[in-house]
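Protein chains in written order, with the working numbering: chain A, 1 to 253; chain B, 1001 to 1253. Cβ coordinates follow ideal geometry from the N, Cα and C atoms, glycine included. These figures come from a predicted structure and were not determined experimentally. What follows is a short report on a single structure.
Protein chains: 2
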Amino acid sequence: MFTKQELKEFCDNARLNYLDHISIDCVIFGFHEGQLKVLVLKVKGEDAWYLPGGFVLKKEPLDTAANRILKDRTGLDKIFLQQFHVFGDPDRSRPHNEMYRDLIPPEENWFSHRFLTIGYYALVDFVHANPTPDSHSEMCAWRDLNDLPKLELDHGLILKTALDTLRLQLNYQPIGYNLMPKEFTMPELQKLYETILGQKLDRRNFQRRMLGFGILNRLDRPRKGGAHKAPYLYSFDLKNYQDALKEGLKGGW
Amino acid sequence: MFTKQELKEFCDNARLNYLDHISIDCVIFGFHEGQLKVLVLKVKGEDAWYLPGGFVLKKEPLDTAANRILKDRTGLDKIFLQQFHVFGDPDRSRPHNEMYRDLIPPEENWFSHRFLTIGYYALVDFVHANPTPDSHSEMCAWRDLNDLPKLELDHGLILKTALDTLRLQLNYQPIGYNLMPKEFTMPELQKLYETILGQKLDRRNFQRRMLGFGILNRLDRPRKGGAHKAPYLYSFDLKNYQDALKEGLKGGW
């Protein structure tokens, strides 16, 4: 929560530097060994949780803005963010409109404007992404999707829409290169898909379909270890993987 | 091209009624019997072609705005528009910024602002959609994708991105309900997919995959006619089709 003076300074600065009516919010999914989390920020001194978000500079490209905002708010850098949807309900920021109305007149209050927010999302390994909160936030944390605090404004809807998009994306784009070890077994890869989809998959169908995409190499040796029937190891075929990132998975047409 | 007086009136009205920095552009694809077209507008008295677009009223939901704009510009109504991408290159509207700079000062000129544009798209049967141009336009026409005039601003990129999205969509959402006759043969449906994808498909793979989605009913009788081996007729299974619109095609996971 801003003091009156802080709010006035923020609004003066915002009018000068940012595009009016537009914001960006980021949904950063984190996967590791069967767990799916999302990055959320807690406002200092309040029980209020948000997705990391911010405003667009007047001459800034949108993708640049999304990366800058994520870095400013969470410290995370060099993350491949994808735009997925604009949220434009005329009442979506009403709680913010009202929050400060007793502090400064509405015509001076940046937060009294209508904002459309452009959603960006990414999927990373949360073990390799250690966030740090910005100066407005008390905490910047990976929270399990099954154990989320209530998010403010329409950030719950933004998160749900990002998750739907990620699940759809499994059908047409390869995922996993940055999330799996260099060599992995088919059950380990299946676990990634099951975690994102939130459902068990048939082992044989999964294997048949994954191999059908042509993005995996089966290694000559099985995994070392005690089991008498060691599972095969796979690695991503980087060239085919990258082609599929550009052209989409060969869905079978 | 506006006269000075028209431009002044337009800008005064725009400042009063529209959200600054935001516009909407619509890519309306039209299919019929193996032809794929797109709806474009020609400005009165100029050799300048655009996608139908416009601005968002201050309290208007985005989807409502997209439908109103399409109706205002082309006369087309009750078309299911889907948002697909925001185009935000800081220089995307520069040609418009410069077009009117000698008529009125930049601080009064709505067109000198930076605009992000939200792309919406739809796929309809062009035989059942007869457009009429608005008062700014000389022509509102279905043009074949292979015979398009050069589009102004970044409208060529917007169209290309919409086409990529439509092609991807074939992999995860059912299409065709409003584009095919009530009863159709598998080759007729394959032609729709081939036209959108811009490539020939394998007949057997296509049939196997389409039937695998569970959205078609095979009718008991083949098509009447002279051929000694009449092809089977199919119709869409409306319940499964609508479920797939909501949940996505069962891709095989």
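Does residue i pass the burial test, meaning 16 or more other C-beta atoms within 10 Å, or should it be called exposed?
i              : result
residue 155/A  : buried
residue 1151/B : buried
residue 1174/B : buried
residue 1033/B : exposed
residue 1080/B : exposed
residue 131/A  : buried
residue 139/A  : exposed
residue 1005/B : exposed
residue 1234/B : buried
residue 42/A   : buried
residue 171/A  : buried
residue 232/A  : exposed
residue 1088/B : buried
residue 123/A  : buried
residue 1060/B : buried
residue 230/A  : exposed
residue 208/A  : exposed
residue 1092/B : buried
residue 1016/B : exposed
residue 219/A  : exposed
residue 1153/B : buried
residue 1238/B : exposed
residue 205/A  : exposed
So what does residue i bridge to, in DSSP terms?
i              : result
residue 1023/B : 1055/B, 1117/B
residue 1140/B : 1041/B
residue 175/A  : DSSP, once it has assigned bridges, lists no residue as partnering residue 175/A.
residue 1049/B : 1042/B, 1151/B
residue 235/A  : 217/A
residue 1029/B : 1038/B, 1123/B
residue 18/A   : 57/A
residue 1222/B : 1232/B
Is residue i helix, strand or coil by DSSP?
i              : result
residue 101/A  : coil
residue 207/A  : helix
residue 230/A  : coil
residue 125/A  : strand
residue 80/A   : coil
residue 1035/B : strand
residue 1061/B : coil
residue 1187/B : helix
residue 10/A   : helix
residue 87/A   : strand
residue 95/A   : helix
residue 1106/B : helix
residue 212/A  : helix
residue 1112/B : helix
residue 132/A  : coil
residue 1199/B : coil
residue 1156/B : helix
residue 71/A   : helix
residue 957/B  : As shown, chain B starts at 1001 and ends at 1253. That puts residue 957/B outside it, with no answer to give.
residue 1168/B : helix
residue 1246/B : helix
Give every residue of the same chain whose Cβ lies closer than 8 Å to the Cβ of residue i, excluding the five residues on either side of it in the sequence, and list them in chain order.
i              : result
residue 1002/B : 1010, 1100, 1103
residue 1072/B : 1054, 1134
residue 236/A  : 174, 176, 177, 180, 215, 216, 217
residue 1185/B : 1223, 1231, 1232, 1233, 1234
residue 147/A  : none
residue 241/A  : 174, 177, 215
Could you tell me how far apart the beta carbons of residue i and residue j are, in whole angstroms, since I believe they sit closer than 8 Å?
i              : j              : result
residue 25/A   : residue 62/A   : Contact doesn't hold; Cβ gap of about 12 Å is too wide.
residue 1031/B : residue 1192/B : 6 Å
residue 1120/B : residue 1169/B : That belief does not hold up - the Cβ atoms of residue 1120/B and residue 1169/B are roughly 14 Å apart, past 8 Å.
residue 1221/B : residue 1197/B : That pair is no contact at about 30 Å.
residue 110/A  : residue 48/A   : With a Cβ gap of about 18 Å, residue 110/A and residue 48/A do not count as contacting.
residue 1117/B : residue 1023/B : 4 Å
Which same chain residues, not among the five before or five after residue i, have their C-beta less than 6 Å away from its C-beta?
i              : result
residue 1077/B : 1071
residue 1244/B : 1174, 1215
residue 1096/B : 1111
Residues in the same chain with beta-carbon distance under 7 Å from residue i, minus the five sequence neighbours each way, listed in chain order, please.
i              : result
residue 1145/B : 1036, 1037, 1038
residue 113/A  : 20, 21
residue 1182/B : 1235
residue 1142/B : 1030, 1037, 1039, 1126
residue 1188/B : 1180
residue 1194/B : 1200, 1201
residue 1115/B : 1021, 1022, 1023, 1093
residue 1162/B : 1027, 1084, 1119, 1121
residue 1044/B : 1136, 1137, 1138
For a test of your reading of the model: does the CB of residue i fall under 7 Å from any non-hydrogen atom of the ligand SAM? Yes or no.
i              : result
residue 1133/B : Absent from the structure shown: the ligand SAM. Ligands present: none.
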